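Residue numbers (the UniProt record's numbering), protein chains in the order written: chain S, 1 to 251; chain Y, 1 to 251.
Yeah, the Cβ is synthetic: ideal placement off N, Cα and C, and Gly gets one too.
Since the structure is predicted, the reported quantities are computational estimates derived from the model, not experimental observations.
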DNA sequence: CGGGCCCTTGAATTCTCTCAAACAATGTGG
DNA sequence: CCACATTGTTTGAGAGAATTCAAGGGCCCG
């Protein structure tokens, strides 16, 4: 299932996890850290473009993103694709599949992506022995739900321009929280096709919409990605309040 | 906050919960039942049209729907409304607010609605003392996420006709699972405005789209609701596989 | 140099929205 | 019982938004 350039061995011990000290994430208790470290069975690194999980499959694993970007998506029978959300460092991936068996969406790497691998079998131990971590898992699922709510509002009721403004603002805020900036630039290797498939628009119209945002000096589109020139202007254009600045749990 | 015709006293003991024996829901262990019964602090009954929870509020409660219908929605500053999902018997309501404080969406009753009330404070006990129930809470959150994924695909990538077919099919399947049919008819007091706000369409276009579905003999729209004439035809029209027939947990 | 991928642009077509009006069903007060 | 208001549905027409089709340009890489 995984392509050539894939490794699957333990590399970064949780004790040295580079994400642990980011202000976005909560602190671990030493005992929790020990458990998570035990829970982790390895790492998976894949190249950009790799499908990490696919709709219809029954994965035995649960992942946390250690580095890189990816996205979750679903497709219709004739190939129409909807990107549901983006994944970035600290995000839990594959929980739906672990809880309910079959994956109902796919996950693809947008950049080189490294994932911490957990056995879904051991998820029960989390609930039995680590109620605080179990609570965190629920928190994370609930947070994802919130974000999907906002996406749904966006696609259903925002205009094309508002939608694009919302998406770019959302991505740049998430990127900032995950420390994924390269200077002013959100370093997502995102094509306009990805943007289109997230916004529910055609690629042609997406292009024209991004151009309008650029004309208003809110963003600058450059080869596979964009600079956010005016973060507050984007939020205003989208009528969006932004992400809450809370320290979120991660596993 | 709650309007006149509202009662807030303990009425149905969990031991006699009418939902417990529906084939849709899993069985409780006696000890779980005892805990849930203790966890429940009362009931809330409201009339159709009542706002049960509102965006921006900090509710101290968590609810399970005992009877009736409702919906979750979000609004933009200028009044545009997006219905996110519908709630019906057995559904957990207000989890996001309980976990994260502020509600980011509102909940409104579509029919007379009765909710079992739980104190959010006691949610911690679930995690500390009832890992199986805690697991169920996560399962439920994850299931909601799945449904939102499908809604997102629908609004983003399905045509107006497909979207309407999906929604009506989805609602009738959920209604069937919750035993909410009145003969062949889905007894949701749903207006075309609700349909429009769910599909992300204008009410005029929604009306024309529903008419097309009716011309194809898939549905018949009648005063505040519709008959599903051809359930499989609807699913085919939407390119949708339907809900899984699993016994789901409820609390 | 050619091929592939991504971005850009114009034009015609299709979809969807707004505006406007009318109708049916229901409920209320006189 | 009727007049009237309210709510929900239906329809037509014109305006606006978004799609498809088509083609060209830039860039990187083998």
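request  = For my contact list, residue 52 of chain Y and residue 70 of chain Y are in at a C-beta cut-off of 8 Å; report their separation, rounded to the angstrom.
outcome  = Against the second chain, residue 52 of chain Y aligns to sequence position 52. Against the second chain, residue 70 of chain Y aligns to sequence position 70. Confirmed, about 7 Å.
Beta-carbon contacts of residue 240 of chain Y that lie in its chain and below 7 Å, excluding the five residues immediately before and after = Locating residue 240 of chain Y in the second chain gives position 240, where the first residue counts as 1. Same-chain partners within the cutoff: 166 and 169.
query = What whole-angstrom Cβ distance do residue 47 of chain Y and residue 109 of chain Y have, given they're in contact under 8 Å?
reply = As a first step, residue 47 of chain Y is located in the second chain; it is residue number 47 there, counting from the start. As a first step, residue 109 of chain Y is located in the second chain; it is residue number 109 there, counting from the start. Confirmed, about 7 Å.
key: Local Cβ density within 10 Å of residue 211 of chain Y, reported as buried at 16 or more and exposed below that   = The residue given as residue 211 of chain Y occupies position 211 in the second chain. The residue in question, residue 211 of chain Y, is exposed, as its Cβ has fewer than 16 Cβ neighbours within 10 Å.
ask   = Between which two residues does the alpha helix (DSSP H) harbouring residue 124 of chain S extend?
value = Position 124 of the first chain, counted from the first residue, corresponds to residue 124 of chain S. Residues 123 to 129.
ask   = Is the region 97 to 105 of chain Y close to the region 25 to 34 of chain Y, with three or more CB pairs under 8 Å?
value = no
task = For residue 116 of chain Y, I'd like the list of residues in its chain whose CB is within less than 7 Å of its CB, leaving aside the five on either flank, ordered along the chain.
result = If you number the second chain from 1, residue 116 of chain Y lands on position 116. Hits under 7 Å: 40, 43, 63, 64 and 66.
inquiry  = Please report the straight-line C-alpha distance between residue 20 of chain Y and residue 248 of chain Y, rounded to a whole angstrom.
reply    = Locating residue 20 of chain Y in the second chain gives position 20, where the first residue counts as 1. Locating residue 248 of chain Y in the second chain gives position 248, where the first residue counts as 1. Those two C-alpha atoms are separated by around 11 Å.
message = Within 8 Å of any Cβ in chain S, is that where the Cβ of residue 128 of chain Y sits?
response = Walking along the second chain from the start, residue 128 of chain Y turns up at place 128. At least one chain S Cβ lies under 8 Å of residue 128 of chain Y.
key: Contacts that residue 231 of chain Y makes with chain S (C-beta to C-beta distance below 8 Å)   = Start at 1 with the first residue of the second chain, and residue 231 of chain Y comes out as number 231. Here the premise fails: no neighbours, minimum Cβ distance about 19 Å.
Of the residues S:55, S:81, S:88 and S:80, the one placed nearest residue 250 of chain S, counting alpha carbons only = For this step, residue 250 of chain S is matched to residue 250 along the first chain. Minimum Cα distance to residue 250 of chain S is reached at S:88.
query = When you compare each of Y:85, Y:192 and Y:58 to residue 224 of chain Y by their alpha carbons, which one comes out closest?
reply = Against the second chain, residue 224 of chain Y aligns to sequence position 224. Out of Y:85, Y:192 and Y:58, Y:192 has the C-alpha closest to the C-alpha of residue 224 of chain Y.
Residue 245 of chain S: contacting residues in chain Y (beta-carbon distance under 7 Å) = For this step, residue 245 of chain S is matched to residue 245 along the first chain. What residue 245 of chain S touches in chain Y: nothing, since even the nearest Cβ is about 13 Å away.
request  = Grab the span of the beta strand (DSSP E) containing residue 85 of chain Y for me, first residue to last.
outcome  = Indexing the second chain from 1 puts residue 85 of chain Y at position 85. First-last of the beta strand (DSSP E) with residue 85 of chain Y: 81 to 87.
Beta carbon proximity, residue 210 of chain Y to chain S, threshold 8 Å = Within the second chain, the letter at position 210 stands for residue 210 of chain Y. No, its Cβ sits nowhere closer than 8 Å to a Cβ of chain S.
query = Considering only residues of the region 11 to 39 of chain S, which uninterrupted alpha helix (DSSP H) runs meet the minimum length of 4 residues and lie entirely inside it, listed in chain order?
reply = 30 to 39
key: Interface residues of chain Y facing residue 235 of chain S [CB-CB closer than 7 Å]   = Start at 1 with the first residue of the first chain, and residue 235 of chain S comes out as number 235. Chain Y residues near residue 235 of chain S: none, gap ~12 Å exceeds 7 Å.
ask   = Can at least three beta-carbon pairs, one atom from the region 128 to 137 of chain Y and one from the region 130 to 137 of chain S, be found at a separation below 8 Å?
value = yes
message = Tell me which residues of the region 57 to 83 of chain S have at least one Cβ-Cβ distance to chain Y shorter than 9 Å, keeping chain order.
response = 72, 73, 74, 75, 76, 77, 78, 80, 81, 82 and 83
inquiry  = Does the CB of residue 26 of chain S have a neighbour CB from chain Y at under 8 Å?
reply    = Taking the first residue of the first chain as position 1, residue 26 of chain S is located at position 26. With 8 Å as the cut-off, residue 26 of chain S does not count as an interface residue toward chain Y.
ask   = Do you know offhand how far residue 194 of chain S's Cα is from residue 218 of chain S's?
value = By 1-based counting over the first chain, the position of residue 194 of chain S is 194. By 1-based counting over the first chain, the position of residue 218 of chain S is 218. Answer to the nearest angstrom: the Cα atoms are 19 Å apart.
ask   = Leaving out the 5 sequence neighbours to the left and right, which residues in its chain are closer than 7 Å to residue 214 of chain Y when beta-carbon positions are compared?
value = Taking the first residue of the second chain as 1, we reach residue 214 of chain Y at position 214. Excluding sequence neighbours, residue 214 of chain Y sits near 220 and 221.
ask   = If you measure beta-carbon to beta-carbon, which residues of the region 129 to 163 of chain Y are closer than 8 Å to chain S?
value = 131, 132, 134, 135, 137, 138, 139, 141, 142, 143, 144, 145, 146, 148, 149, 150, 151, 152, 153, 155, 156, 157 and 158
task = Counting only the same chain and skipping the five closest in sequence on each side, list residues whose C-beta sits under 7 Å from that of residue 154 of chain S.
result = The sequence position of residue 154 of chain S within the first chain is 154, counting from 1. Same-chain partners within the cutoff: 163 and 166.
request  = Identify the contact partners of residue 200 of chain Y in chain S, using a Cβ-Cβ distance below 8 Å as the criterion.
outcome  = Counting from one through the second chain, the residue named residue 200 of chain Y turns up at place 200. Result: 155, 156 and 157.
ask   = Can you tell me whether DSSP reads residue 90 of chain Y as helix, strand or coil?
value = As a first step, residue 90 of chain Y is located in the second chain; it is residue number 90 there, counting from the start. Residue 90 of chain Y: coil per DSSP, three-state reduction.
ask   = Can you list, in chain order, the residues of its chain whose CB lies under 6 Å from that of residue 126 of chain Y, leaving out five sequence neighbours each side?
value = By one-based count along the second chain, residue 126 of chain Y stands at place 126. Excluding sequence neighbours, residue 126 of chain Y sits near 133 and 134.
Euclidean distance between Cα positions of residue 31 of chain Y and residue 37 of chain Y = For this step, residue 31 of chain Y is matched to residue 31 along the second chain. For this step, residue 37 of chain Y is matched to residue 37 along the second chain. Spanning the two alpha carbons is a distance of roughly 10 Å.
Span of the alpha helix (DSSP H) around residue 203 of chain Y = Taking the first residue of the second chain as 1, we reach residue 203 of chain Y at position 203. It spans 203 to 215 - the alpha helix (DSSP H) in which residue 203 of chain Y sits, taken as one unbroken run.
query = Between residue 234 of chain S and residue 171 of chain S, what straight-line distance do the alpha-carbon atoms span, to the nearest angstrom?
reply = Taking the first chain and counting its residues from 1, the one referred to as residue 234 of chain S is at position 234. Taking the first chain and counting its residues from 1, the one referred to as residue 171 of chain S is at position 171. If I take the Cα positions, the gap works out to 11 Å.
Chain Y contact residues for residue 239 of chain S, given Cβ-Cβ distances below 8 Å = Here residue 239 of chain S corresponds to residue number 239 of the first chain, with the count starting at 1. Those within 8 Å of residue 239 of chain S in chain Y are 76, 77 and 78.
request  = Starting from residue 195 of chain Y, trace the alpha helix (DSSP H) both ways and give me its first and last residue.
outcome  = Residue numbering aside, residue 195 of chain Y sits at position 195 when the second chain is read from its first letter. Unbroken alpha helix (DSSP H) run through residue 195 of chain Y: 192 to 199.
task = State the DSSP-derived secondary structure class of residue 251 of chain S, mapped to helix, strand or coil.
result = The sequence position of residue 251 of chain S within the first chain is 251, counting from 1. Coil, per DSSP.
request  = Examine chain Y for any beta-carbon lying closer than 8 Å to the beta-carbon of residue 100 of chain S, and answer yes or no.
outcome  = For the purposes of this step, residue 100 of chain S is identified with residue 100 of the first chain, where counting begins at 1. It does: the Cβ of residue 100 of chain S has a partner Cβ on chain Y nearer than 8 Å.
key: Nearest-angstrom beta carbon gap, residue 103 of chain Y and residue 54 of chain Y [assumed within contact, 8 Å]   = Locating residue 54 of chain Y in the second chain gives position 54, counting from the first residue. Locating residue 103 of chain Y in the second chain gives position 103, counting from the first residue. Contact holds; Cβ gap of about 7 Å.
ask   = Could you give the distance in angstroms between the alpha-carbon of residue 228 of chain Y and the alpha-carbon of residue 198 of chain S?
value = Numbered from its first residue, the second chain carries residue 228 of chain Y at position 228. Numbered from its first residue, the first chain carries residue 198 of chain S at position 198. Computed Cα separation, rounded: 31 Å.
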